[in-house]
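Trainee:
Numbering (this note's numbering), first residue to last: 216 to 943.
#1: What are the boundary residues of the alpha helix (DSSP H) that residue 633 is part of?
#2: How many angstroms separate the CA atom of residue 415 from the CA atom of residue 794?
#3: Out of 515, 433, 454, point me to the one whose CA is closest to residue 482's CA.
#4: Hey, would you say residue 283 sits closer than 9 Å to residue 452, going by beta carbons?
#5: State the start and end residues of the unbroken alpha helix (DSSP H) segment that holds residue 733.
#6: Leaving out five residues on either side along the sequence, give the residues of the same chain with a beta carbon under 8 Å from the beta carbon of residue 577.
#7: Tell me where the alpha helix (DSSP H) around residue 753 begins and ends.
#8: Could you pull the start and end residues of the beta strand (DSSP E) that residue 906 belongs to?
#9: Do three or more CB pairs link the stretch 430-447 to the stretch 541-551 at distances below 8 Å?
#10: Under the rule that 16 or more other beta-carbon atoms within 10 Å means buried, what is residue 927, buried or exposed?
#11: Does the stretch 500-509 come close enough to the stretch 667-683 that 3 or more CB-CB pairs lie under 8 Å?
#12: Would residue 231 be called buried (16 or more neighbouring beta carbons within 10 Å of its own) or exposed?
#13: Run through the DSSP bridge pairs and tell me what residue 766 is partnered with.
#14: Out of 798, 808, 832, 807, point me to the one whose CA is closest to residue 825's CA.
#15: Would you mind listing the alpha helix (DSSP H) stretches within the stretch 837-903 that are 4+ residues and don't spill past its ends, in chain order?
#16: Kindly confirm or deny that the stretch 293-305 and the stretch 482-498 touch, where touching means at least three C-beta pairs closer than 8 Å.
#17: Can you name the start and end residues of the alpha helix (DSSP H) that residue 581 belongs to?
#18: So the beta strand (DSSP E) residue 826 belongs to, where does it begin and stop?
#19: In whole angstroms, what is the alpha-carbon distance linking residue 328 and residue 308?
#20: Run through DSSP, which three-state label would residue 515 get?
#21: Nearest to residue 555 by alpha carbon, out of 575, 528, 597?
#22: For a test of the three-state rule: what should DSSP assign to residue 530, helix, strand or coil?
#23: Would you kindly report the start and end of the unbroken beta strand (DSSP E) that includes residue 704?
#24: Helix, strand or coil: how does DSSP classify residue 328 here?
#25: Taking 8 Å as the limit between beta carbons, can you name the residues of its chain near residue 369, skipping five residues before and five after?
#26: Roughly how many angstroms lie between the CA atoms of residue 324 and residue 350, to the nearest whole one?
#27: Roughly how many angstroms separate the alpha carbons of residue 546 and residue 730, rounded to a whole number?
#28: In its own chain, which residues sit with a C-beta less than 7 Å from the C-beta of residue 715, not counting the 5 before and 5 after it?
#29: Please work out which residues of its chain come closer than 8 Å, Cβ to Cβ, to residue 418, disregarding the five sequence neighbours upstream and downstream, and give them in chain order.
#30: Measuring straight from C-alpha to C-alpha, what distance separates residue 402 and residue 394?
#31: Can you give the Cα-Cα distance for residue 257 and residue 314, rounded to whole angstroms?
#32: Between the Cα of residue 538 and those of 447, 432, 471, spot the shortest distance and give me the residue it belongs to.
#33: Is DSSP giving residue 471 helix, strand or coil here?
#34: In the DSSP assignment, find the unbroken alpha helix (DSSP H) run with residue 538 in it and report its ends.
#35: Can you check which of these residues, 692, 898, 646, is closest to residue 842 by C-alpha distance?
#36: Check residue 688 in the structure and name its three-state DSSP category.
This is the structure we're talking about:
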């Protein structure tokens, strides 16, 4: 222990030196990159992605590993995900009060699990488990539980979490920028080794996660779709959570083997976005992570899938409302298919003027429909999803979805749509990246996992803009045929659901207020000095008055050419229960000059978004988009609010859809628990969840009266907020 403390003190002195021999770090960057990202590669192969954003004194951190459930051994699925859980338990330094004694017992537990895996005799398995349970009680007496969480919390970390998917495992924190070095010290220790303490109690947590998944209709449909799309690839043959049988027979040895194989610096990345100094930060990363030893990482190979020659259909059952999914398999990211698929997704479904948006949603032919393009390393998939209206069959929904692909193949979309899709994607990217460091790190994490060149990430929309309409049509004709998987999600009992029985676990008496020697020394590290910057609201916000003394607050956008204009009205559904329906009615309305379809097309073409939302006590009208189109956007907004034209047929369809959605909510456990029951417990008989128009009241609604509510919105007291390039 004295040796540990001396080593820690020496490292701390070195880490705290004001300067080292100045080291120059080469990096990759791309001119015109809105993230101004720098990508470094340390001598041990560790990749480092940095992006500076000084809007707040915080840093979003991702530590990513190019390994996930596809790398699980076929006889030990769920292993990558379980390892993710265990890497919150500490090391031989973090989380232990006496490592020498604890490690000896942990080895006995590991040996016992291996013995248990080798026998099929249930009595013998039970006997071994009871020994594991007894040993775990002994091992727990030497641990300091949740020490990693306690340390990250002590430096102000938020959102501490991790996730595992098919080919990545990512560890996440959001930390104050002045605690960056202390965070690095924790993480560099964390990934040095894997200590499987409190193993069987954490296994209970994973069992519960597995069992919850058995009741999740979305997961059931997703697993079945993947099994049919990828019958010979781990994308389809294995799930991230693993099989129940494998979870019941865990191997601590295999988890250690997985960690040693895949958690190597040359297979990982440190990804940071926020209030950082590039030079200081890369020097710190090198100081704390550069000592990791490079390893030879196993290669991953797979046998190519046989082409799908005809539709492959399957049914899955569960309590939730019904839907149908269609999926086509494509090559992985290394091919250019991914870019084309993202463009086609935007042409079909952009929320405003896509083929699905107009032909199915606006036309009220289905309850819901959308598409998506999922790009992975080995294969990609394009999917379409549809939900039926009352009395509609899933086959009818499927046929409507397929008909939209046929419209795509015939080129039945406006010539300007490709350019508008690209422009809107650019705008969305800029807005997301500027507003959310988590989305910055997500983009950089994707680049690392998929081995994207950063110049290709920055230039993806330039390349997308070069795709022509004939190329889209040709691609669709060649690739979207009868080569799809169809999943019918039907309401009923899932007879394939498999629940893992959780074993009895003896309650563990652990010291929750203890600290490891490592933590005691770590707490002595000073935090970086932070100079607070206080906002002078009188200077930062330009307060003005419009006509009728309506207050206007303006804030300058110094970073891009986007704007947001928001009207906040002092009234909501508590004041008028029909307001929510009026707001939902609005997207189906046009004006005396523009049809509903033409209005949506015009907004999308201009890169504008118009949203109206009603909460319980306020209503919000928001116009956002490209600054250069602000005047035209305000003109369209005023037209909509002052000149909306009733549409009786659309109102009839809307009322039917509201009723169908309410029926579907009765089958949705999240709506029942998180919505209805939570609201009932909080408010009792005055629950706002139930304070909605009855079926009879819905049937009695008058289109003209709803339109009048929209026209009257601006007559209520309200404030206006503007964020954009203009000061006044």
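All C-beta atoms in this analysis are idealised placements derived from N, C-alpha and C, irrespective of residue type, glycine included.
Mentor: A quick look at the data gives this:
#1: Run containing residue 633: 632-650, per the alpha helix (DSSP H) assignment.
#2: A direct Cα-Cα distance of roughly 53 Å separates residue 415 from residue 794.
#3: For residue 482, the nearest C-alpha among the options comes from 515.
#4: With contacts defined as CB atoms closer than 9 Å, residue 283 and residue 452 fail to qualify as a contacting pair.
#5: Annotation for residue 733: the continuous alpha helix (DSSP H) segment containing it runs 732-737.
#6: Once the five neighbours on either side are set aside, the close Cβ partners of residue 577 are 802, 803, 811, 812, 815.
#7: Segment 752-755, the alpha helix (DSSP H) holding residue 753.
#8: No beta strand (DSSP E) contains residue 906, which DSSP labels as neither H nor E.
#9: Because the criterion of three Cβ pairs below 8 Å is met, the stretch 430-447 and the stretch 541-551 touch.
#10: By the 10 Å Cβ count, residue 927 comes out exposed.
#11: Contact between the stretch 667-683 and the stretch 500-509 is absent, with fewer than three C-beta pairs closer than 8 Å.
#12: Residue confidence for residue 231 is low, a pLDDT of 44 falling below 50, so the modelled location carries little weight and cannot support an answer.
#13: Residue 766 is bridged to 760.
#14: Considering only alpha carbons, the answer is 798.
#15: Within the stretch 837-903, the complete alpha helix (DSSP H) segments of 4 residues or longer fall at 845-858, 863-880, 893-898, listed in chain order.
#16: Look at the beta carbons and you see the stretch 293-305 not touching the stretch 482-498: under three pairs across the two are nearer than 8 Å.
#17: It is not in any alpha helix (DSSP H) - residue 581 carries neither H nor E in the DSSP assignment.
#18: In the DSSP assignment, residue 826 falls within the unbroken beta strand (DSSP E) covering 823-829.
#19: Annotation: residue 328 to residue 308 spans about 24 Å, alpha carbon to alpha carbon.
#20: Secondary structure of residue 515 (DSSP, three-state): coil.
#21: If you compare the alpha carbons of 575, 528, 597 with that of residue 555, the shortest gap goes to 597.
#22: Strand, per DSSP.
#23: The continuous beta strand (DSSP E) containing residue 704 extends over residues 699-706.
#24: In this structure, residue 328 counts as helix in the three-state DSSP scheme.
#25: In the same chain as residue 369, and ignoring 5 residues on each side of it, the C-beta atoms closer than 8 Å to its own belong to 738, in chain order.
#26: When rounded, the distance between both Cα atoms is 7 Å.
#27: Rounded to whole angstroms, the separation of the alpha carbons of residue 730 and residue 546 is 50 Å.
#28: Only 422, 425, 426, 459, 462, 463 meet the Cβ criterion.
#29: So the qualifying residues of the chain are 297, 462, 465.
#30: Distance between the alpha carbons of residue 402 and residue 394 is about 12 Å.
#31: If you take the alpha carbons of residue 257 and residue 314, they lie about 32 Å apart.
#32: Comparing Cα-Cα distances from residue 538 to each of 447, 432, 471, the minimum goes to 432.
#33: It is helical.
#34: Counting along the chain, residue 538 falls outside any alpha helix (DSSP H), though it belongs to the beta strand (DSSP E) covering 538-546.
#35: Ranking 692, 898, 646 by CA distance to the CA of residue 842 puts 646 first.
#36: Looking at residue 688 - three-state DSSP - the assignment turns out to be helix.
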